[in-house]
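S.K.: One structure, as structure tokens, below. Some questions next.
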Amino acid sequence: PALAVLFMIPALSLAGIPPLSGFWAKLALVRAGLSAGQYAIVAVSLFVSLLTLYSMTKIWSYAFWTEREEPAGAPPPLPLAAADWRRLLPVSLLAGLTVLVGLTAGPLFELAQAASAQLLNPQLYIDAVLSAGGIHANP
Numbered sequence: 007p008a009l010a011v012l013f014m015i016p017a018l019s020l021a022g023i024p025p026l027s028g029f030w031a032k033l034a035l036v037r038a039g040l041s042a043g044q045y046a047i048v049a050v051s052l053f054v055s056l057l058t059l060y061s062m063t064k065i066w067s068y069a070f071w072t073e074r075e076e077p078a079g080a081p082p083p084l085p086l087a088a089a090d091w092r093r094l095l096p097v098s099l100l101a102g103l104t105v106l107v108g109l110t111a112g113p114l115f116e117l118a119q120a121a122s123a124q125l126l127n128p129q130l131y132i133d134a135v136l137s138a139g140g141i142h143a144n145p
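7 is the number of the first residue of the sequence shown in our numbering; add one for each residue after it.
If you want it as structure tokens, here you go:
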């Protein structure tokens, strides 16, 4: 049951379900598309999100909900130890980060916007690098 939940968290994030991290990224793309008047692209991206949700739900259902018959002569599946935390730790950390990034999207988005503004204005970088070495770009 723990692995099923830990699989579903990033799967829902990939589909853009709130409050996970994928929602805020999709929201930013949809807002940008709407402000640019690209309604067809926005519609396609929302449709793709629905397809992603459908496919992730189908994968989850097959992997964790469906009983499968083992082929004749196949060895029995290995039982997962209840305390096998080493297998669940990486997935738990990534799922936790997905939720954390989703809940703290505001500050992270502001940081990303500040970084992109600096990338779009290379003069700030040039001034910072040249002044750090004692060379002044603008005397």
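Backbone N, C-alpha and C define an ideal beta-carbon position, used for all residues, glycine too.
Computed from a prediction, not measured in an experiment: that's the story for all the values here.
When you compare the CB positions of residue 39 and residue 55, do they come within less than 8 Å of one another, or not?
M.R.: no
S.K.: Give me, in chain order, the residues of the same chain whose beta-carbon lies closer than 8 Å to that of residue 47; leave out the 5 immediate sequence neighbours on both sides.
M.R.: 39
S.K.: Taking the continuous alpha helix (DSSP H) assigned at residue 93, which residues delimit it?
M.R.: 91-109
S.K.: How many angstroms separate the CA atom of residue 17 from the CA atom of residue 99?
M.R.: 15 Å
S.K.: So for residue 58, helix, strand or coil by DSSP?
M.R.: helix
S.K.: Who are the near neighbours of residue 105 in its chain, counting only those whose CB is closer than 7 Å to its CB and skipping five residues on each side?
M.R.: Hits under 7 Å: 15, 26.
S.K.: If distances are taken between C-alpha atoms only, which option among 13, 28, 107 comes closest to residue 65?
M.R.: When 13, 28, 107 are compared, the shortest CA-CA separation from residue 65 is found for 13.
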